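These notes concern the structure reproduced below.
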């Protein structure tokens, strides 16, 4: 291979490697975001159920006189 062809191959190799690294990082961020969203929703639903299970406390009426 000539020097120009070698340089072109090196540039192409770096471009493909950079693309693969970038794609891997984006997939990792997407997966992390999905996990955080699932945990957030589960926690929110759990708190909502806790509020539904508690009986409503009846407060005594205030004395006017």
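In our numbering, the protein residues as written are -2 to 62.
Note that CB positions come from ideal geometry on N, CA and C, so glycine has one too.
In this text the structure is predicted, and so the values were computed from the model without any measurement.
If you run the structure through DSSP and keep just helix, strand and coil, what is residue i?
i: residue 60; result: coil
i: residue -1; result: coil
i: residue 47; result: helix
Examine the ligand FMN and report whether any of its heavy atoms sits within less than 7 angstroms of the Cβ of residue i.
i: residue 4; result: Summarising the ligand content, the structure contains no ligands, and the ligand FMN is consequently not present.
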